[in-house]
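K.L.:
The sequence shown begins at 4 in my numbering and counts up by one.
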Amino acid sequence: MAVEIKTESPLKGVIEFYQAIDRFERYCSMCQNSRDIEGKVSYSKDARENIDLAYSEYLENFSLIFPTRDGIKPISVSLETKTEELKESFEAQLRSLDKKEINRYLISLNNIKHHCPVGDACDYEEVAGDIEKIKDLAKKVKKATERIYLEDFLDMTKKRLKEAAEDPDRFKSMFPLPPKPLEMEYRG
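(1) Out of curiosity, what's the CA-to-CA distance linking Tyr61 and Phe174?
(2) From Ile54 to Gln22, what distance separates their C-alpha atoms?
(3) Around the C-beta of Val17, are 16 or more other C-beta atoms found within 10 angstroms, so that it is buried, or is it exposed?
(4) If I follow the unbroken alpha helix (DSSP H) through Glu206, where does it start and stop?
(5) Output yes or no for whether 8 Å exceeds the beta carbon distance between Ala50 and Ile24.
(6) Using the rule of at least 16 other Cβ atoms within 10 Å of the residue's Cβ for burial, across every protein chain shown, is Glu19 buried or exposed?
(7) What residue range is occupied by the uninterrupted alpha helix (DSSP H) comprising Cys119?
(8) Rounded to the nearest angstrom, what separates Asp101 and Thr71 at their Cα positions?
(9) Nearest-angstrom Cα distance between Phe65 and Leu112?
(10) Give the secondary structure of Leu67 by DSSP, where H, G and I count as helix, E and B as strand, and everything else as coil.
(11) Where does the unbroken alpha helix (DSSP H) through Leu89 begin, and where does it stop?
(12) Between which two residues does the alpha helix (DSSP H) harbouring Ile24 extend?
(13) Would a C-beta distance cut-off of 8 Å place Ser99 and Ile78 closer than the cut-off?
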């Protein structure tokens, strides 16, 4: 069973994109393997809903999908963020966008959408190459996103442990111990 990351972050739409592709693939596979007509209709409907979701997330987030895939971490914008850092981050994101490549994946998503009718016979063979292309993009984006989160959480954990090592008393209240049993209550 796949673990889905739920988060409010700059990468929320990117995560929704690759999770929708993952669900599409599962439903598509179940649809192909189902011998039951009602099951096929249900699975094809779910597959179609997820490819539609992936399509809309792709259109809204390709400016983060491609930089993330290329290892560029989106910057968190706050009042403390320096203008030069922002400029460098945005320039790196811009360099990773290639109109031809973005269109190639968009065409693949469109082909999949049009060959995935709800409850009808699908033309899987005609879009197998497009599905593999989209799955490959989703896998790369997922891997890069997970690495970004791992690095962030590792840095945060190291920082907290360093602070705890410097002042352990300050962190005692974070780990409340259960109350000690009262000896008198148990003695008599």
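Ideal placement from N, C-alpha and C gives every residue a C-beta, glycine not left out.
P.N.:
If we stick to the structure as given:
(1) 43 Å
(2) 10 Å
(3) buried
(4) Look at the range of the chain in this structure, 4 to 191, and you will see that residue 206 is not part of it.
(5) no
(6) buried
(7) Here Cys119 belongs to no alpha helix (DSSP H), and DSSP marks it neither H nor E.
(8) 14 Å
(9) 13 Å
(10) helix
(11) Thr86 to Arg98
(12) Lys15 to Asn36
(13) no
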